[in-house]
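Quick notes on the structure that follows.
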Amino acid sequence: MAKRKPLNPADFIAPLYMNGLQGRMLRLPAPANKKREILLIYGHHASIERMFGLAEDLNQYGAVTLPDLPGFGGMESFYRIGHKPTLDNLADYLASFIKLRYKRKRLTIMGMSFGFLVVTRMLQKYPELVNKVDMVVSIVGFAHKDDFKFSSRNYWLLRTGGAIFSNPVAAWFARHVALQRPFIKAAYTLVADKHVKMKDADTEERNRRIDFEVHLWQCNDVRTYMETSVTMLTVDLCNAQVPLPVYHIAVDEDRYFNNSIVEEHLSVIYGKVYMIKSKMDGHAPTVVADAKAAAPFMPSKMRRLLSKAVA
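This note's numbering numbers the first residue of the sequence shown as 46 and each following residue consecutively.
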């Protein structure tokens, strides 16, 4: 079988202008004879480029759409139009996107980490969209603040830091002073031998990963990042149900979440929870530059489900 030529993300990214905000959207058309529509929502410290390899890997099962959300991946933030990046506002935005892009289509919706939080809140707020969804997939997602494995000290350190730097003055200082390229590179270089994202890489790969981290810290809106960090550390979505099953892809050595507690909370919200273990280490791939790099993250059981024909 001939090898597939690597794709260039730039060839499939188009401007996204909705609700007065400018962003981007990746769209990979479906292969021949594949009808599945996959909507992929990336997580907190991410971008289209970071998730492109996963989108490319999923593309073998159908068309893949990967949009920015306000304040993420370089998209303009809610603050620009006088709103805060609350979970409800992000859920509203995602619902509007689905109504616009999938008017007569059903879809498989996959949310990674924080992206899954937005997906769940959207399905809770907009039950009319439930019938459009043929499968909900959580990729190392969560639904409750108690899903985190942080110590009490680290929890309050992160929560306090998020609250401080969601202030516009502190956020400006962070973006224009603390998050300048030399400071970010120096910080990662100092901890590279122990940092989970860096320690397994040789010098060339480590430098590539550090450069990508610089990009991520600078392309995402700081106030949105910090405000949504507080949201993650205080969230509880267990007060409303979603009458759908959820397929939850988990990793054994997730550095952020307790998988058994995540399963308990998902079972309160969703009609049925199917736990699927990934062989990947950690929480998520560091840089998913191509389909080959992303392939180990997607379990064979999930691949069989995605391979099934859809109406």
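C-beta: ideal position from N, C-alpha, C; glycine also.
- Residue state for Q67 is assigned as strand, using DSSP reduced to three classes.
- Residue environment analysis places Y87 among the buried positions, since at least 16 neighbouring C-beta atoms fall within 10 angstroms of its C-beta.
- For D102, the uninterrupted alpha helix (DSSP H) run begins and ends at I93 to L103, by DSSP.
- With a cut-off of 8 Å on Cβ pairs, the segment 108 to 127 is in contact with the segment 264 to 280, counting three or more such pairs.
- Using a Cβ-Cβ distance cut-off of 8 Å, the segment 162 to 170 and the segment 124 to 139 are in contact, since at least three pairs of beta carbons, one from each stretch, lie closer than that value.
- Rounded to whole angstroms, E94 and P54 show a C-alpha spacing of 7 Å.
- Exclusion of the five residues before and after N304 leaves A295 as the residues of its chain whose Cβ lies within less than 7 Å of its Cβ.
- Taking a cut-off of 8 Å on C-beta distances, the segment 284 to 294 does not touch the segment 219 to 232, as fewer than three cross pairs fall below it.
- Restricting attention to S323, G98, S197 and E249, the CA atom closest to the CA of Y292 is found in S323.
- The C-beta distance from S183 to H89 rounds to 14 Å, too long to fall under 8 Å, and the pair is not in contact.
- A contact is defined here as three or more CB-CB pairs under 8 Å, and the segment 145 to 154 fails this definition with respect to the segment 246 to 260.
- Residue ranges of uninterrupted alpha helix (DSSP H) with 4 or more members, entirely inside the segment 216 to 278 and ordered along the chain, are 226 to 236 and 248 to 264.
- The alpha-carbon of L235 is positioned some 20 Å away from that of R300.
- Inter-residue distance for V313 and H189 is about 11 Å (C-alpha atoms, whole angstroms).
- Sequence-distant partners of H310 (beyond 5 residues in either direction) whose C-beta falls short of 7 Å from its own C-beta, in its chain, are A188, H189, D192 and C283.
- Annotated as distal: A108 and L61, with beta-carbon spacing of 8 Å or more.
- Within the segment 116 to 167, the beta strand (DSSP E) runs of at least 3 residues that lie entirely inside it are, in chain order, 152 to 157.
- Spatial neighbours of I209 in its own chain (CB-CB distance under 6 Å, excluding positions within 5 residues in sequence) are listed in chain order as A215.
- For the pair E272 and S211, the CB atoms are nearer than the 8 Å cut-off.
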